[in-house]
Amino acid sequence: MTRESARARAPGKLILSGEHAVVYGHPALALAVDRGTAVTLRRRPGPTAIERADFTDPRLLPGLCTVLPEHGVGVEIESDLPVGRGMGSSAALAVAVVRAWAALEGQAMGFAETHAAAFGPERVFHGDPSGVDHAVSALGGCVRYRKTPAGPEITPLPSPALRLVVVDSGSAGDTGALVAGVRSRRPGIDPALDAIGVLVGQVEAALDAPAVLGPLLTENHRLLGQIGVSTPVLDAIVAICLRAGALGAKLAGAGGGGVVLALVEDPAPVLRAVRAAGYTAFDVGTAPATPAGDAHAGDR
Ligand code: MEV
22 MTRESARARA PGKLILSGEH AVVYGHPALA LAVDRGTAVT LRRRPGPTAI ERADFTDPRL
82 LPGLCTVLPE HGVGVEIESD LPVGRGMGSS AALAVAVVRA WAALEGQAMG FAETHAAAFG
142 PERVFHGDPS GVDHAVSALG GCVRYRKTPA GPEITPLPSP ALRLVVVDSG SAGDTGALVA
202 GVRSRRPGID PALDAIGVLV GQVEAALDAP AVLGPLLTEN HRLLGQIGVS TPVLDAIVAI
262 CLRAGALGAK LAGAGGGGVV LALVEDPAPV LRAVRAAGYT AFDVGTAPAT PAGDAHAGDR
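If you're matching positions, the sequence shown starts at 22 in this note's numbering and goes up one per residue.
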């Protein structure tokens, strides 16, 4: 049955390991976080329009209209994710609009259809994304993602009990431009991309052993520096986190700005140190896996 209005929400994400390398067929591990984006759709006369949004971007309407018709829908967007910081704000938006549209039209939608449809807005935002961001946003929990010529291999993993602090570098990274930059530096950087691919397997094996996991995350950060997506600010934040007792730290997402994630035993000293250095920081929890059989449509 179609409806007059529908609302759906989807979580943002943090990539624990494997960003950029995932574009070239290596696995990545990502966690859904307890912050996200909600989309409310209402039928209205005239062209489809954004009636209210917590953030603006010229790509918003073209991105949404890969899912929505050009006429007849009013859109409201609420988000508590920092935008352009590598926490999956666009992926959460993409999944939320796909779910809200399915609910408005009275259609049940499984994961595969949701994932395929959410590529629409994601391509408008990021060019040719691997699909990891909106896979974890749609599934929740913790996910291993691998892009293959036959389609993505997506494996839900048990959610690890990790204590994570997120530090905002204060500037956004442009994912499409950063991915293009990495591509332009190949094949010279392929050994570093391969090393990230190997590291992801070690990270997965250490998900329940924070003392082992921490140094692997820091090594992942070093390799991301080698492929050219870290910045002096991100390196400085990683160093502050480690000095303050973090078990490990890395940029998370495309880099060039965005956030650092730090694995901690106790968030307090790390939060104190980065805030004293002038950065915004918060501890973040994970979003639970979406229940099996969920139609992914309707108010969530
Ligand atoms: C961005 O969150 C993750 C990247 O690996 C890009 C992608 O996978 O499409 C940098």
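No residue lacks a Cβ here, since even glycine has one placed at the ideal position from N, Cα and C. This structure is a prediction, so every number in the text was calculated from the model and none was measured.
When C-beta atoms of the region 76-93 are compared with those of the region 243-256, fewer than three pairs fall below 8 Å, so the two segments do not count as touching. Counting C-beta atoms within 10 angstroms of its own C-beta, A29 has 16 or more neighbours from the protein chains shown and is therefore classed as buried. For V295, the uninterrupted alpha helix (DSSP H) run begins and ends at 288-297, by DSSP. For the 9 Å CB-CB criterion, V291 and A265 form a contact. In this structure, the beta-carbon distance from S26 to R56 does not fall below 9 Å.
Our two residues, A70 and A310, have alpha carbons roughly 32 Å apart in a direct line. Distance from the C-beta of P150 to the nearest heavy atom of the ligand MEV is below 8 Å. A distance of 9 Å or more separates the beta carbons of V186 and A51. Cα atoms of A113 and P103: separation of roughly 12 Å, rounded to the nearest angstrom. Taking each of H155, S151, A124 in turn and checking the Cα distance to T58, the smallest one comes out for H155.
For V203, no pairing in a beta bridge is given by DSSP. Bounds of the beta strand (DSSP E) holding I36 are 26-38. When distances are taken from the beta-carbon of I36 to the heavy atoms of the ligand MEV, the shortest one is below 8 Å. Relative to the non-hydrogen atoms of the ligand MEV, the Cβ of V44 comes within a distance shorter than 8 Å of at least one.
For E72, the uninterrupted beta strand (DSSP E) segment begins and ends at 70-74. Put simply, of A74, L220, R144 the residue whose alpha carbon is nearest the alpha carbon of V88 is R144. Under DSSP, L52 forms a beta bridge with L35, C163. Between the ligand MEV and T307, a heavy atom-to-CB distance of less than 8 Å is absent. Excluding five sequence positions before and after G278, the CB atoms of its chain that fall closer than 6 Å to its own CB belong to S190, S192, A193, G194, given in chain order. For the set I258, D229, I217, S110, the Cα lying nearest the Cα of E240 is the one of I217. Selection L183, A294, P288, S205 evaluated against L37 yields L183 as nearest (Cα-Cα).
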